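K.L.:
What follows is a structure written as structure tokens; I'll ask about it next.
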Amino acid sequence: MTEQEIRDAVLESLSGVAPELDLSEVEDDTDLRNDLDLDSMDFLNFVIAVSERLGVDVPEADYGRMDTLAKCVEYLRAAQAK
Numbered sequence: 268m269t270e271q272e273i274r275d276a277v278l279e280s281l282s283g284v285a286p287e288l289d290l291s292e293v294e295d296d297t298d299l300r301n302d303l304d305l306d307s308m309d310f311l312n313f314v315i316a317v318s319e320r321l322g323v324d325v326p327e328a329d330y331g332r333m334d335t336l337a338k339c340v341e342y343l344r345a346a347q348a349k
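Quick note, our numbering runs 267 ahead of the 1-based positions in the sequence shown.
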């Protein structure tokens, strides 16, 4: 998958968890939990959704590596390359 396809999958997964979000305001450095007001359950549901969509296993220990849009895309791209 290209970086743009991964980014689109991340944004679509975010939209599924928090449909009230304006995705046009989500930038690379947006903190997915704090800036978007995702609580721990929302974030967990997001990680599950994006990992299932991309076929990537995301261990709980790595959740902190997915705190911004850019880091999330980078992590998922690297995980797919394995």
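Note that CB positions come from ideal geometry on N, CA and C, so glycine has one too.
Values in this document were obtained by computation on a predicted structure and should not be read as measured data.
1. Relative to the C-alpha of LEU278, which residue among VAL340, ALA346, LYS349 is closest?
2. Do ASP295 and LEU343 come within 8 Å of each other at the CB atom, strictly closer than that value?
3. Are the beta-carbon atoms of LEU311 and LEU288 separated by less than 8 Å?
4. Could you check whether SER291 and ALA316 sit closer than 8 Å to each other, using their CB atoms as the reference points?
5. Quick check on DSSP: helix, strand or coil for ASP298?
6. Mind checking if MET333 is an interface residue toward chain C, Cβ cutoff 8 Å exclusive?
P.N.:
So, from the listed chains and residues:
1. For this step, residue 278 is matched to residue 11 along the sequence shown. LEU278 has its Cα closest to that of VAL340, out of VAL340, ALA346, LYS349.
2. Position 76 of the sequence shown, counted from the start, is the residue given in the question as residue 343. Position 28 of the sequence shown, counted from the start, is the residue given in the question as residue 295. Contact: no.
3. Locating residue 311 in the sequence shown gives position 44, where the first residue counts as 1. Locating residue 288 in the sequence shown gives position 21, where the first residue counts as 1. Not a contact, by the Cβ cut-off of 8 Å.
4. In the sequence shown, residue 316 corresponds to position 49, counting from 1. In the sequence shown, residue 291 corresponds to position 24, counting from 1. No, Cβ-Cβ distance for ALA316 and SER291 is not below 8 Å.
5. What you label residue 298 is simply residue 31 of the sequence shown in a count that begins at 1. Three-state DSSP puts ASP298 in a strand.
6. Here chain C cannot be found, since the structure has a single protein chain.
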